[in-house]
Amino acid sequence: MAYFGRRFLHMLIVLWAIATILFLLFRLMPTDPSIAHLDPTFTEEQRQLVRAQFGLDRPLFEQYLIYMKNLAEGEFGLSFRQRQPVMGLVLAVLPNTLLLTSSALIVAYLFGALLGASLAWRRGSLFEKISVPLVLATRAAPEFWLGMIVLAIFAFGLNWFPSGGANVAGARYASEWERIFSLDYLRHLVLPVLTLAIYLQGLPALLMRSNMLEIMREEFVTMARMKGLSERRIMLRHAARNALLPLVTAFALGFGQSVGGNVVIENVFSWPGLGRLLVDAVANSDYPLAQGAFLVIAFVLVVMNFIADLMYGLLDPRVVHGEH
Amino acid sequence: MASIELPHIAAAARPRAPGLFARLARHLAKNPSALIGVSIYLVFVLVAALAGSIAPYDPIEILFTEDGQLAASLPPSAAHLLGTTNLGRDVFSQLVLGARPSLFVGLTAAVAVATIGSAVGLVAGYLGGWVDRALMRLADLVLGLPFLPFVIVLVALIGPSLQNIVLTVAILLWPNAARVIRSQVLTLSQRQFIEAARVTGAGEWRIMLVHIAPNIVPLAFLYGSIAVGWAILTQASLSFLGFGATDTISWGTMLQDAYASQALDREQFSWFVPPGICLVLVVLAGFLISRGYEELLFPKLGEG
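Protein sequence lines, in the order shown, are assigned to chains C and Z.
For the first sequence, the numbering used here gives the first residue as 1, with consecutive numbering after it.
For the second sequence, the numbering used here gives the first residue as 325, with consecutive numbering after it.
Listed below in structure tokens is the structure:
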């Protein structure tokens, strides 16, 4: 419980620090954040009025206090361009990002764990010699380029899947659930998930392989061999099972990182998610929206890191008791 | 006398320094993947250096065919090895010149990450106390930032030049290097040759810079080599998203151009496949070198 409390406090401090860094970044920049969206035909008086509306005419420290109070209340302000609450815009696309990320991670980790296990099983074989550099190459490939190849082949060449978006334009659904579970949505989800999974599978594959190789050197595996158990049984029951544990924490960490990393994939496939929202907001100098999208991405990352820490503690009790 | 003792200690402080390059060469011969990585780099460095004479055309020149037509979207031919873009520019020339910004970003980011990481790791590990705690908390915080979103926001605010991209990558990547170097410094401080230096009256700064610093160079090099790939991929991603330097042709801007000009729809594979392959090769080369180098530094990890 003390471990939990300490990690939780740590998480809150990190969140506070990130929010502060972001505040300073946007406020201390040489350009006035409100200028960009203002029409050049505005008079000085109108300009001042808009600045006052956004609270930009007050002293920096006062702005900071207001900003922190608002964040604590979940109030992210109004988007400069859309004139809508940032929170609403962010929450509207959040499910798309979470769904994309979790589907891709599940595919990637299932495939990666199997691949890694078979690489360890056949260590030294030709299969392993070819696969390891190939897996490394998938980690070296830019995600957006993989996405472009996938698009050119499956969307434009074969015409199997749509080339972008999350739903056919103009489609109406009774509820968010119905939209997400419609066949149309799933068809749009396939290519971005495939691309992201190709990129993500490398880490679990390499991790699983090295975990298995390490475990196979341990005494209980030798013991199992001496008992005369079949190699297959030793691999599945003993080595693979134990090698899977570290993958659980890697999954949680990967989830947090991927929500931020999806920025590129979402833009290639015009997937209406957080990353695309962030890029559009930054490109249009819509600072409140950019700030809100960034904070939510950071929030997911920090919370997933916290969950990974907790799982690590649950799986390996030494961490909880040893740390001070 | 200190003046007599010093040469001894200096030699003890760098016991492996003279042998390192010889070991490196021998190791490279035994480690085919590292050798492949180094060869790929050499080829690309050569291409970047000679880009001006290799590229048959000016990469942004709009070309016309002999009968005065715009040479747009031509398929690969002897005159245009990889065809032309939809605006009549030579893809091969762009590809060759695109090696420059990628290598520039990768190598300068490596130097920056290695330098900041070493400086912070040395100071934190050697001085300890509140300096150490503050620097390591800062490292934790930076590692908690979402990488690409932070780069996007920062580059949008400070301007999209190549130097600024290197700067943001360095700001985000130094903590990994600093943490490992710090713990190496902690171990080194306990070693006898440091004790010996202290006994002879060497000052703290002298111990830090003359006796400890040379021993962390291999680690700094390792983390620098890891940063190469990250920086190149980041620069390409930023260009693709439209936040890159608009005045330079890089593999990232080529891909962005191809994507925005419906090259995918028209199946102009010769336009958008080669820049991606170049990116994969350069980043993969970085991976192979750092893996090989890691095995050299920590031989036990290489087994299995």
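Note that CB positions come from ideal geometry on N, CA and C, so glycine has one too.
{"Item": "Per DSSP, L310/C is paired with what?", "Value": "DSSP output for L310/C lists no bridge partner at all."}
{"Item": "For Y547/Z, go through chain C and note every residue whose CB falls closer than 7 angstroms to its CB, in chain order.", "Value": "Residues of chain C passing the Cβ test: none, with the nearest at roughly 17 angstroms."}
{"Item": "Using the beta-carbon of each residue, which ones in chain C are nearer than 7 angstroms to V604/Z?", "Value": "A137, A140, A141"}
{"Item": "Using a Cβ cut-off of 8 angstroms, which residues of the region 447-478 of chain Z contact any Cβ in chain C, in chain order?", "Value": "D464, L465, G468, L469, P470, F471, L472, P473, F474, I476, V477, L478"}
{"Item": "Would the region 302-312 of chain C and the region 130-144 of chain C be scored as touching if the rule is three or more Cβ pairs under 8 angstroms?", "Value": "no"}
{"Item": "Is T195/C helix, strand or coil when you go by DSSP?", "Value": "helix"}
{"Item": "Is the distance from the Cβ of V607/Z to the Cβ of I550/Z below 7 angstroms?", "Value": "no"}
{"Item": "Considering Cα atoms alone, identify which of I18/C, F251/C, Q291/C, L99/C is closest to Y185/C.", "Value": "L99/C"}
{"Item": "Chain C beta carbons: is any one of them nearer than 7 angstroms to that of V607/Z?", "Value": "yes"}
{"Item": "Does M148/C have its Cβ less than 7 angstroms from a Cβ in chain Z?", "Value": "yes"}
{"Item": "Using the Cα positions of G376/Z and A423/Z, report the straight-line distance between them to the nearest angstrom.", "Value": "11 angstroms"}
{"Item": "Between which two residues does the alpha helix (DSSP H) containing W498/Z stretch?", "Value": "486-513"}
{"Item": "Under 7 angstroms between C-beta atoms, does F80/C make it to chain Z?", "Value": "no"}
{"Item": "Taking L431/Z as the reference, give the member of Q592/Z, V604/Z, F545/Z with the closest Cα.", "Value": "F545/Z"}
{"Item": "Of the residues that make up the region 262-294 of chain C, which ones have a beta carbon closer than 7 angstroms to any beta carbon in chain Z?", "Value": "V263, V264, N267, L278, V279, V282, A283, A290, F294"}
{"Item": "How is P342/Z classed by DSSP in three states: helix, strand or coil?", "Value": "Note on P342/Z: pLDDT 49, under 50, position unreliable in the model; the coordinate value appears next. Of the three classes helix, strand and coil, the one that applies to P342/Z here is helix, per DSSP."}
{"Item": "Going by DSSP in three states, T249/C sits in which element: helix, strand or coil?", "Value": "helix"}
{"Item": "Report the residue ranges of all alpha helix (DSSP H) runs contained in full by the region 222-295 of chain C; include only those spanning at least 4 residues, in chain order.", "Value": "241-261, 263-268, 274-283"}
{"Item": "So is V193/C in contact with chain Z if we call contact Cβ pairs under 7 angstroms?", "Value": "no"}
{"Item": "Going by other Cβ atoms of all chains shown within 10 Å of its Cβ, with 16 needed for buried, is R350/Z buried or exposed?", "Value": "exposed"}
{"Item": "Mind listing the chain Z neighbours of I327/C? Cutoff is C-beta to C-beta under 9 angstroms, in chain order.", "Value": "No information on residue 327/C is available, as it lies outside the stretch 1 to 324 that chain C covers here."}
{"Item": "How would you write the range of the alpha helix (DSSP H) that W121/C sits in, first residue to last?", "Value": "86-121"}
{"Item": "Which residues does DSSP list as the beta-bridge partners of D414/Z?", "Value": "T408/Z"}
{"Item": "Suppose the cutoff is 8 angstroms on Cβ atoms and the five residues either side in sequence are ignored; what does the same chain contact list for F144/C look like?", "Value": "V264, I265, N267, V268"}
{"Item": "Would you please state the rounded distance, in angstroms, between the beta carbons of G324/Z and L510/Z? I believe it to be under 8 angstroms.", "Value": "This structure cannot speak to residue 324/Z, because chain Z is shown only from 325 to 628."}
{"Item": "Would W121/C pass as an interface residue toward chain Z - the criterion being a Cβ-Cβ separation below 7 angstroms?", "Value": "no"}
{"Item": "Would you kindly work out how many angstroms separate the C-alpha atoms of I386/Z and L603/Z, rounded to a whole number?", "Value": "25 angstroms"}
{"Item": "For D589/Z, go through chain B and note every residue whose CB falls closer than 7 angstroms to its CB, in chain order.", "Value": "The chain labelled as chain B is not found among the protein chains of the depicted structure, namely C and Z."}
{"Item": "Using 8 angstroms as the threshold, is the region 525-533 of chain Z in touch with the region 465-482 of chain Z, meaning 3 or more CB pairs across them?", "Value": "no"}
{"Item": "Kindly indicate if chain Z contains any beta-carbon less than 7 angstroms away from that of G164/C.", "Value": "no"}
{"Item": "Which residues in chain C sit within 7 angstroms of L557/Z, going by Cβ to Cβ distance?", "Value": "P142"}
{"Item": "Which stretch, first to last residue, makes up the alpha helix (DSSP H) that contains L366/Z?", "Value": "356-373"}
{"Item": "Report buried or exposed for F220/C, applying the criterion of at least 16 other Cβ atoms within 10 angstroms of its Cβ.", "Value": "exposed"}
{"Item": "Can the beta-carbon of F567/Z be found less than 7 angstroms from the beta-carbon of Q580/Z?", "Value": "no"}
{"Item": "Hey, G445/Z and A494/Z: beta-carbon distance below 7 angstroms or not?", "Value": "no"}
{"Item": "Can you list, in chain order, the residues of its chain whose CB lies under 8 angstroms from that of I297/C, leaving out five sequence neighbours each side?", "Value": "V259, G260, L274, G275, L278"}
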